[in-house]
Amino acid sequence: MTAPEQRNVRRWLTELAAGNRRWVQGAVLTGTLAGIATIVQMVLLARIVHLGVIEGVAVSQLTNLFIPLVITLVIRALFQGLQTRLAAQCSKRVRRTARRQIHRHWQAAGPVAMGQESAGALAREWIDHVEALHGYYARFMPQMQLSVIVPLLILVLVFWLDWLAAVFLLLSAPLIPLFMALVGMGAEKLNQQHFETISRLSGQFLDKVRGLTTLQLFGQTESAADLLARRSDRYRVVTMKTLKIAFLSSAVLEFFASVAIAVIAIYIGFGLLGYITFGPADELTLFTGLLILLLAPEFFQPLRTLSQYYHDRAAALGAGTEILARLQDYGTGAPEVTSQPPGDEIAGPADLITLDQVNYTHPGGTTPWFCDLNLQIEKGHAVALTGPSGGGKSTLLYLLAGFLAPDSGEIRVFGQAPGKTGFGWLGQKGFLVHGTWADNLRLTSPDASDIAIDAALRRVGLGDLVDGREEGIYSAVSDQGRGLSGGQARRLSLARIFLADYDLILLDEPTAGLDSASEIFILESLRKLSEAGKTLVFSTHHHALLTLADRVLTVDNGEVANA
Amino acid sequence: MRELTPWLALIFQRPWRLMLGGVLILATLASGIGLLALSGWFITDTAIVGILLAAGTQVAVNLYVPGGGIRFFAVSRTVARYLERVYNHDTVLRLLTDIRVALFRKLAGANRAGQSKLSGAQWLSRLTSDVDALDTIYLRVIAPAALAGVITLLVALLAWVLFSGAVALGLLAITALAFVLATVAVYVRTREPSYRQADRQEELRTAVVEHIEGFAELRAAGRTGRHGAWLLRQAHQMNSEQVEVDSKVGWYQAISHLLINLCAVFALWAGYSLFETGAISGPVLVLLPIAILGLAEVYSMLPDAFGKLGSTVSSAARLNRDAMPVDEEGKAEIPEPGDDLALVARDIAVRHEGFAPVLTHFDLTLARGERIGILGRSGSGKSSLADTLAGLLPPSRGELARQPCAYLTQQTVLFDDTLRANLVLGNPAATDAELWRVLELVELGDRFAREPDQLDTWLGNTGSRLSGGEARRVALARVLLNPAPLVILDEPFTGLDADTRSRISKRLERWLEGKSVVSLAHGPEALPATDRVFHLE
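From first to last, the protein sequence lines stand for chains A and B. For the first sequence, counting from 1, position 410 maps to 409 in numbering that gives the first Met the number 0; every step adds exactly one. For the second sequence, counting from 1, position 7 maps to 6 in numbering that gives the first Met the number 0; every step adds exactly one.
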């Protein structure tokens, strides 16, 4: 990751938290209060020891200190618990914000740009990468601030008790920022190295698992397992060499913390004996001495905790980089349907689809693909688009659908901007969700009645399939691992179009690669739709479909002509 | 919890290493506790002596033993921590290897139904995260829990020796409660949501993939916004459940920490009665509570680890399921046919589990040395038939007998490894000369002779990238190296142009002399030389 890239990601991570600042502040506040409770706890402990051991106060008279001590402990626990809760809430909200952002980006990018990405990769960004932000907001971010605030509080108190002891603390931790840098560098390297090894090992492992059938065919699984073991072991040896050095930096933190405590203990001991004749040492009592000793480990604890959370930061930066790269990858998208400028509805006749002087350039292209394209399609007509593949049939359909926006010129669908009102779309791949037949059809027509759903399924020839299931339209579409064939899935999509009763239906190669049964059903369905007065625009090479059309247009190399 | 048993057994195959790692962690914790406790003792002692000295009393004070002890603990804590981290990290990497290798061996013996999923990217990524969850179970769960127990017993022993048996028992009672709350209670309270987490995430993933695949249709119907909002709600619900788990873990952590602190207060309070009767001195009174405060460090690691244990158990359960060993009927060896015959298939039906049969009543008799071609368009069940003949997919009915065979699958599978390693899979005994000879046959000899590493050229993602046609030819070469008397080739020439195809095809005829060959392809031009050809309906 380059430095400016990392800065951008960090800025994005901070901006994400901006709307949830109260939660972060709440987590830091409760953490600080827990820190203060810790200090009070140590004060009371030292006080009890001093009174009992030096002043000889009887334990029965110390109750007025023991009770506040127990109360302080309970308060400390309360704030500790609250801190976790607030931080977790913050992370939950931030993740929702991040998912909304990505979702809005998808909306803006449009179906054409989305179709070019692997659905698995997009889903991984939306789910796993966003989940990877959790530790950063729930742990690292509040701890980052606490590791400055709490040590400072302790330092101030120790300074007031005995400035020389405070100087020891300061010297041993040559100012917190330097320490943090040390921790950071070590932890970062450690993480990087560790993740690299893990991913290499996983890669080797997955590679063998993926090819397991091949290995079995050749009877080589045992030797592959041995190879896996040998390779893994070699990675381990190499990794350990680096880790031995990376661990040194955390050892340094440990060393300074230990030495500081030892030095302070010995300084206080000698001071109490009266051996130290300079500085504030002669004012030391068991109370101040013991309190300083008890506070010393608490001074270092927040930093040690922070170093444990460093991998959360690394994970968030890694995930953030990829999400940000996706979010910044604009430019190919269509305008959002909802963000049409007002007043668009008035232009254009209500019974025509019109393209007026439309220019469109493919993203990354230099010359316009469609140049000053003019076209009129009458309502109720069935229009076929033919021409060689790559000639622009799909692009024209995308423009009519509003999935792509023209560079200039105007497209009006029955007087409205394309995509303004619902229309039917049938791509080359049918679309079904995990659920019942009814779920699948109500996806686009939520208010449809059971009878209407049943009728729509029958019209596309899926009636037999539904009849075969016990619960009819309320049985799962894919039952016991048996999915739908490509043709059946496309017919399911067509059933949605029947159900929704759209005026305009756009179809991209509706019969390509279908089995003959599905082909017949789709042809028949389109004929019915056309007879019902729907406007159909479809790209096709299929002879039977061409005969169905009222008008055939040839789209080739950006030219659209009557065939 | 039973799901973890096989994996724990695997981890405990290295008892000495785990023990030594544990001892190093113990040394780190004990040094930290010793440093603070001894310092507290020292300060109290010097405070008392200081007052006596100031009053003019002559007291002998030994500064060297406690001073030396404090310095020793300061250094030993650092050294032990460093050694512990290095040593235990090494252990984790070893366990990582153990687990992966063991899992691989189990998967290799797993039943066919499990293996049909092997190619799915989703399955593979889930497998990875499940294995990762098991890798850390020793360092996150087992070691801290065991050490919390050991170090608590040590501190109780100290309390018994320095204070009294009653104090030691009281201490054990409070810490035992803290221990149960930090481990068992957390696990029980978070088990279910934690166990479900991965499944919920997979459900959500399916829904997101559907949303993306249906994006155009949803957009056309004006439903992307609403369907997206539904997805957001699902994700939010999943995270809310996770927040509940986190919060519970946080509360249990706070409560167990509180109990440790209360235990220190108890030791101080109980110690005072002993101090007043003169049974213990002031410095000893201070030593024990400070030592108890030090326990908090090891207890604080527990709740988080036990809160994740539920999901670790579910990972183990999934891996156990994936690696379920073959049942007896799946194991059945394919018998050899009679003399002069290479393959006999009688009334075979080919069927994937849960699907309608792809092929029924299939008969084939292949004499030794005979070469036949089977033609069928894509989707005709050609590759499923090849899988069945090769023994990958047991026939759902009918009888099959054949000689040992080498099988070129329709899918080209190369490993992230050297060219040599990829080739010798077909015949581990092959000499370099043989490898070059077969590479010449598939017209890759020159291609790799030009590479600086020649036979050791690295293939796959990280190495030199092969074109689809080149990869296909490497896979073909691998099958040709295999000495089996029967060869099954499914679309052997995918990605090759017509000229190359016919040249290789000619050489193939000579190379395969004396062997029996079944070739399958979508059209006659994609078949090598055959004695007879028939079509699949």
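Note that the Cβ used here is the ideal one computed from N, Cα and C, for glycine as well.
inquiry  = Along the segment 408-421 of chain A, where does the CB come closer than 8 Å to a CB of chain B? Name the residues.
reply    = Correct list: Gly-418, Thr-420 and Gly-421.
key: Pairwise C-alpha distance: A/Leu-403 and A/Asp-453   = For A/Asp-453 and A/Leu-403, the distance between alpha carbons rounds to 34 Å.
request  = Tell whether a beta-carbon distance below 9 Å holds between B/Ser-310 and B/Tyr-194.
outcome  = One thing to note: B/Ser-310 has its Cβ within 9 Å of the Cβ of B/Tyr-194.
message = Using 8 Å for Cβ pairs, my map puts A/Ser-171 next to A/Val-258. What's the rounded Cβ distance?
response = A Cβ-Cβ separation of about 6 Å places A/Ser-171 in contact with A/Val-258 under the 8 Å criterion.
message = Just to confirm the assignment, what range does the alpha helix (DSSP H) spanning B/Val-74 have?
response = In this chain, the alpha helix (DSSP H) harbouring B/Val-74 covers 63-107.
message = If contact is defined by three or more beta carbon pairs under 8 Å, each pair taking one atom from either stretch, is the segment 187-207 of chain B in contact with the segment 230-242 of chain B?
response = They touch, by the three-pair rule.
message = For a test of the three-state rule: what should DSSP assign to A/Gly-421, helix, strand or coil?
response = A/Gly-421 carries a coil assignment under DSSP once its states are collapsed to helix, strand and coil.
request  = Select from the segment 66-85 of chain B all residues with a C-beta closer than 7 Å to any C-beta belonging to chain A, and list them in chain order.
outcome  = Cβ contacts with chain A: Gly-66, Ile-69, Arg-70, Ala-73, Arg-76, Thr-77, Arg-80, Tyr-81, Arg-84 and Val-85.
query = By the criterion of Cβ-Cβ separation under 7 Å, what are the contact partners of A/Ser-201 in chain B?
reply = Contact note: A/Ser-201 reaches chain B through Thr-127, using a C-beta cutoff of 7 Å and chain order.
message = So, with DSSP's three-state summary, where would you put B/Gly-21?
response = Here B/Gly-21 sits in helix by DSSP.
message = Short of 8 Å in beta carbon distance, which residues of its chain neighbour A/Leu-154, apart from the five on each side in sequence? Order them along the chain.
response = The answer, listed in chain order, is Ala-165, Leu-168, Leu-169 and Phe-298.
key: Span of the beta strand (DSSP E) around A/Glu-409   = Start and end: 407-412.
message = Which residue wins for smallest C-alpha separation from A/Ala-531, given the options A/Tyr-501, A/Thr-546, A/Leu-506 and A/Met-41?
response = Among A/Tyr-501, A/Thr-546, A/Leu-506 and A/Met-41, the Cα nearest to that of A/Ala-531 belongs to A/Tyr-501.
inquiry  = Beta-carbon within less than 7 Å of A/Trp-22's beta-carbon, same chain only, minus the 5 sequence neighbours each way: which residues are those?
reply    = So the list reads Leu-85, Gln-88, Cys-89 and Arg-92, once near-sequence residues are dropped.
task = Within the segment 490-525 of chain A, note down every full beta strand (DSSP E) run reaching 3 residues or more, in order along the chain.
result = Unbroken beta strand (DSSP E) runs of no fewer than 3 residues, entirely contained in the segment 490-525 of chain A, are found at 503-507, following chain order.
ask   = Does any C-beta atom of chain B lie closer than 9 Å to the C-beta of A/Tyr-234?
value = Contact with chain B is found for A/Tyr-234, since one of that chain's Cβ atoms lies less than 9 Å from the residue's Cβ.
inquiry  = Strictly below 7 Å CB to CB, what residues from chain A border B/Ala-220?
reply    = One finds Gly-421, Thr-443 and Ala-499 in chain A with Cβ atoms closer than 7 Å to the Cβ of B/Ala-220, taken in chain order.
request  = Could you run through the segment 524-546 of chain A and flag, in chain order, every residue whose CB is less than 8 Å away from some CB of chain B?
outcome  = So nothing in the stretch comes that close.
request  = Run down chain A in chain order and give the residues with a C-beta less than 7 Å from the C-beta of B/Trp-250.
outcome  = The contacting residues are Gly-80.
Residues of the segment 35-55 of chain B whose Cβ lies closer than 9 Å to any Cβ of chain A, in chain order = If the cut-off is 9 Å between Cβ atoms, the segment 35-55 of chain B has Leu-35, Leu-37, Ser-38, Gly-39, Phe-41, Ile-42, Thr-43, Asp-44, Thr-45, Ala-46, Ile-47, Val-48, Gly-49, Ile-50, Leu-52 and Ala-53 near chain A.
ask   = Helix, strand or coil for A/Trp-368 per DSSP?
value = Coil, per DSSP.
query = Which stretch, first to last residue, makes up the beta strand (DSSP E) that contains B/Leu-363?
reply = Residues 358-366.
query = Touching or not, the segment 138-149 of chain A and the segment 237-247 of chain B, by the rule of three or more beta carbon pairs under 8 Å?
reply = The segment 138-149 of chain A makes no contact with the segment 237-247 of chain B, as fewer than three CB pairs between them are under 8 Å.
task = Confirm, please, whether the CB-CB distance from A/Leu-163 to A/Ala-280 is below 9 Å.
result = Going by C-beta atoms, A/Ala-280 is nearer than 9 Å to A/Leu-163.
Residues sharing a beta bridge with B/Tyr-406, DSSP = Among the bridge pairs identified by DSSP, B/Tyr-406 is matched with B/Ile-487.
ask   = Can you list the residues of chain B that A/Gln-106 reaches, using a CB-CB cut of under 8 Å?
value = Neighbours of A/Gln-106 on chain B, chain order: Thr-223, Gly-224 and Gly-227.
query = Just checking my contact of B/Thr-417 with B/Leu-458 at CB under 8 Å: how many whole Å lie between their CB atoms?
reply = That pair is a contact at about 7 Å.
ask   = Does the beta carbon of A/Asp-466 come closer than 9 Å to any beta carbon on chain B?
value = Under the Cβ criterion of 9 Å, A/Asp-466 is not counted among the residues facing chain B.
query = Should B/Arg-104 be flagged as near chain A, meaning a C-beta pair shorter than 9 Å?
reply = Yes, B/Arg-104 lies at the interface with chain A (some Cβ there is under 9 Å from its Cβ).
inquiry  = Which of the three DSSP states is assigned to B/Arg-195 in this structure?
reply    = Here B/Arg-195 sits in helix by DSSP.
ask   = Of all Cβ atoms in chain A, is any one closer than 9 Å to the Cβ of B/Gly-494?
value = No, its Cβ sits nowhere closer than 9 Å to a Cβ of chain A.
request  = Note down, in chain order, all residues in the segment 266-283 of chain B with a beta-carbon under 8 Å from any beta-carbon belonging to chain A.
outcome  = Correct list: Leu-267, Trp-268, Tyr-271, Ser-272, Phe-274, Glu-275 and Gly-281.
inquiry  = Can you confirm whether A/Thr-567, when its beta carbon is compared against all beta carbons of chain B, has any partner nearer than 9 Å?
reply    = Residue 567 of chain A cannot be examined here, being either before or after the span of chain A that is shown, 0 to 562.
task = Would you list, in chain order, the members of the segment 230-257 of chain A that have their beta-carbon closer than 8 Å to a beta-carbon of chain B?
result = Residues passing the 8 Å Cβ filter: Ser-231, Asp-232, Tyr-234, Arg-235, Thr-238, Met-239, Leu-242, Lys-243, Phe-246, Leu-247, Ser-249, Ala-250, Glu-253, Phe-254 and Ser-257.
ask   = From B/Arg-199 to B/Glu-240, what does the alpha carbon distance come to, in whole angstroms?
value = Those two C-alpha atoms are separated by around 10 Å.
query = Interface residues of chain B around A/His-433 at Cβ under 9 Å?
reply = Going along chain B in sequence order, the residues near A/His-433 (Cβ under 9 Å) are Glu-202, Thr-205, Ala-206 and Glu-209.
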